[in-house]
Amino acid sequence: MNYKERGVAFQCEDDWLYGILSLPEKATPRGVLIIAGGPQYRVGSHRQFTLLARHLAAHGIPVLRFDFRGMGDSEGNARTFENVEGDLRCAIDRFLMEVPFIDELVIWGLCDAASASLFYAHQDQRIRGLILANPWVRTEQGVATAYLKHYYFSRLLDSQLWSKIWRGDFNFFTSAKSLFNITEAALARRLQIEVDSKVSHRHPAPLPERMSYGLRRFNGQVLLIISGNDLTAQEFSDLIKNSREWQELLASPRVSRHDLPEANHTFSQRKWHDQVANWTSEWIQSW
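Numbers in my numbering are just positions in the sequence shown, counted from 1, shifted up by 7.
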């Protein structure tokens with residue numbers, strides 16, 4: 008299907024934000040807002056958001072991707088994923104103004120953009136779906152556990168590691184120091200959380216708890232896309248295995264899940280990206 012792309016500018020408080028609208032000739036009444044996570048802007052790593060938007064538009068789905076304040080072309084001070092609710096609301100307002108026949112929206116977010124969408128979606132009835140790719144649930148304890156389980160232990164089965172040891176090329180001191188630092192940081196953080204919880208009831212809940220709160224209050228459809236070769240995704244998978252609350256939330260019939268066992272964090276290979284794009288368009292048109 009043919010589509011057109013054009014720039015969009017809109018204000019959020021005193022700052023101007025900029026994005027790209029991909030609009031099909033015959034568009035569905037369900038649009039997608041693609042939001043970038045981390046130090047990324049609307050194009051995404053290896054142009055993944057540009058390619059995804061064009062794929063969706065070619066399948067009749069209107070798409071807006073934009074830069075948060077302080078990123079890409081947008082004005083203002085940079086902010087973390089925990090402080091972009093105003094940006095999201097302004098972008099959605101503009102999206103619906105530009106494409107008034109849209110009845111409902113889906114947010115597509117990778118990494119901490121997926122986390123940001125969980126914070127926001129339950130507050131806005133216009134959002135009827137979330138696509139969460141490798142959600143960011145990082146805590147110091149979580150990343151330490153993931154490193155130990157998915158990196159250090161797996162390396163014991165790596166033939167290249169044993170070849171380096173046999174040749175005398177392996178630095179035992181450096182590896183041991185790295186392992187010690189990670190473990191020490193995890194234990195220190197855990198102790199600090201316990202102390203803070205006793206000192207102040209106002210201490211913010213850990214990130215995974217705030218995300219589960221958002222998911223529990225959101226009553227729309229959810230699609231999870233999880234990479235197999237990604238530490239962030241492994242942290243999320245480990246969280247699910249150890250949390251009955253997350254297990255119950257994700258067991259809901261409104262939640263679907265796809266896994267790409269060999270894919271990295273940003274689905275950098277063409278076959279991975281194409282699979283994610285196909286899953287996205289099929290899921291959006293399935294309900």
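Even for Gly, the Cβ is constructed at its ideal location relative to N, Cα and C. This one's a predicted model, so the numbers in the text were calculated from it and none came from an experiment.
Per the Cβ contact rule, the stretch 99–115 is in contact with the stretch 26–36 (3 or more Cβ pairs under 8 Å). Ala284 sits away from Asn236, with the two beta carbons spaced by 8 Å or more. Look at Gln282 here: in three-state DSSP terms it is helix.
Between the stretch 128–139 and the stretch 44–61, the count of C-beta pairs closer than 8 Å stays below three; the two stretches do not touch. Taken through DSSP and simplified to helix, strand or coil, Lys33 comes out as coil. Val15 is bridged by DSSP to Gly26. Look at the stretch 241–265 and you find these whole runs of alpha helix (DSSP H), each 4 residues long or longer: 251–257. Distance from Arg49 to Ile291 at the Cβ level is roughly 19 Å; contact not present, criterion being Cβ atoms closer than 8 Å. Each residue's CA atom was taken as its position, placing Arg76 and Glu111 some 24 Å apart. Distance from the CA atom of Phe225 to the CA atom of Arg174, rounded to whole angstroms, is 55 Å. Following the DSSP letters along the chain, one finds Ala270 in no alpha helix (DSSP H), marked with neither H nor E.
Taking Ser124 as reference, the option from Asn90, Asp21, Ala16, Ile109 with the minimal CA-CA separation is Asn90. Taking C-beta atoms as the reference points, Asn141 and Phe243 count as a pair closer than 8 Å. Taking C-beta atoms as the reference points, Ile42 and Ala60 fail to come closer than 8 Å. Rounded to the nearest whole angstrom, the C-alpha separation of Phe274 and Phe17 is 30 Å. Excluding residues up to 5 positions away in sequence, Ala128, Ile134, Arg135, Gly136, Leu137, Arg261 lie with their Cβ nearer than 8 Å to the Cβ of Gly227 in the same chain. Under the three-state reduction of DSSP output, Arg49 falls in the coil class, being neither helix nor strand. Non-local C-beta neighbours of Gly93 in its own chain, meaning closer than 7 Å and more than five positions away in sequence, comprise Cys19, Glu20, ordered along the chain. Its Cα nearest to that of Ile68, the residue Ile114 stands out among Ile114, Gln241, Asp266, Leu214.
In this structure, Asp100 is the residue among Asp100, Cys118, Val229 with its C-alpha nearest to the C-alpha of Leu24.
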